[in-house]
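Only one structure is covered here, and it is reproduced in the block below.
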Amino acid sequence: MIYLITSGLGLVALTVLVHILCLALLVKWTSQLRRHSLDVGSFGSTFWLLVRVVWAILLSHIIQICLWAMFYYVNGSFPSAESSLYFSGVTYTTIGYGDVVIAYPWRLLATTQGLVGILMCSLSAAFFFSLMTRLLFSRYQQNDIS
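Below is the structure:
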């Protein structure tokens with residue numbers, strides 16, 4: 092039980108670390124783009140900026156899902172890496188199909204993964220909403236000036 096709790100706490104910390112690092116890099120990157128080259132009035136440049144941000148956020152979530160899957164697989168929770176990855180993805184995103192279930196001692200850890208997944212997805216949504224707000228505000232400012 093102690094191993095389960097410490098593993099869960101470690102995985103939560105690692106998940107948050109990966110996500111925060113990704114968002115910090117995105118903040119730095121989007122801030123630099125806005126200062127140097129982003130023409131907020133251009134639909135194309137704004138569109139591709141948002142697409143690249145979504146790709147980066149998705150990559151961050153995929154890395155986090157893989158971390159949990161690797162833990163499940165290394166600890167023998169599933170017979171294959173594929174089933175570990177599938178279970179981890181379904182749990183992290185809180186889809187929860189139920190066609191692949193985890194054995195008894197790891198069920199609480201899976202619940203924790205679902206909660207962390209909700210929080211990380213919410214943090215991503217908040218970041219994306221904030222970026223959209225900044226872009227729209229910049230566009231309105233440009234329209235007021237010109």
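Sequential numbering of the sequence shown, starting at 92, is according to our numbering.
Glycine is no exception: its CB is placed at the ideal position from the N, C-alpha and C atoms.
- Using a 10 angstroms sphere on the CB of Met211, the tally of other CB atoms reaches 16 or more, which defines it as buried.
- Taking C-beta separations shorter than 7 Å and ignoring five residues to either side along the sequence, the partners of Gly187 in its chain run Val181, following chain order.
- Nearest C-alpha to Phe138 among Met223, Gln232 and Phe228: Met223.
- By a beta-carbon distance limit of 8 Å, Ser98 does not contact Leu206. Their separation comes to about 15 Å.
- When Cβ pairs closer than 8 Å are counted between the two stretches, the region 211-220 is seen not to touch the region 162-175, the count staying below three.
- A straight line joining the alpha-carbon of Ser215 with that of Arg230 spans about 22 Å.
- Taking 7 Å as the cut-off, the Cβ atoms of Ile154 and Val109 count as close.
- In the structure shown, Gly167 falls within a coil segment according to DSSP collapsed to helix, strand and coil.
- Leu149 has its alpha-carbon roughly 16 Å from the corresponding atom of Thr121.
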